[in-house]
């Protein structure tokens, strides 16, 4: 038997090259880039439209972390204040999968409201989802002084991302059963 070689078809090679070029075009044009995290890791060019500092559509993740920590502290203060005042105003809002009553207290609501108001005031373009309903008519203006704690400054570098790619989820008081003393 004679050794057999690999014979490449010119038509097959042309189709393969065109498919490869099509995939590269779609990846770098943004059509598929949003679906592959690898292509989203590159930093935008400084001074470009996406890299402009202070753009309303950009969020600095280090600042978001600092505000989130502050929101958690302020929410915790509300929870503690309600618990120490012993004015829980607990209501049942449903049942868990296990059949236990899921409770809602004024600590949940006040903590949730304080955290949502702070996050929305600091980052109005960011989507904020919360376990509890926040009445928008009841919005108190809460400001962030833009200070970032030193430990966050030391450990986290600033990184801007598009606001539409960020979603913040809030569960103001996990373990409400234990909080109510049941």
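Numbering (the working numbering), first residue to last: 34 to 215.
For glycine and all other residues, C-beta sits at the position ideal for the given N, C-alpha and C.
Look at residue i and residue j and say whether their C-beta atoms are less than 8 Å apart.
| i | j | result |
| --- | --- | --- |
| residue 159 | residue 102 | no |
| residue 144 | residue 112 | yes |
| residue 185 | residue 44 | no |
| residue 95 | residue 148 | no |
| residue 104 | residue 142 | no |
| residue 156 | residue 100 | yes |
| residue 138 | residue 162 | no |
| residue 177 | residue 196 | no |
| residue 164 | residue 203 | yes |
First and last residue of the beta strand (DSSP E) that includes residue i?
| i | result |
| --- | --- |
| residue 184 | Note, residue 184: premise wrong, no beta strand (DSSP E); alpha helix (DSSP H) at 183-188. |
| residue 199 | Per DSSP, residue 199 belongs to no beta strand (DSSP E) and is neither H nor E. |
| residue 191 | First-last for residue 191: undefined, no H or E at that position. |
| residue 161 | 160-163 |
| residue 216 | With the chain represented from 34 up to 215, any question about residue 216 goes unanswered, as that position is not in the structure. |
Per DSSP, residue i forms a beta bridge with which residues?
| i | result |
| --- | --- |
| residue 145 | Paired residues: none, contrary to the question. |
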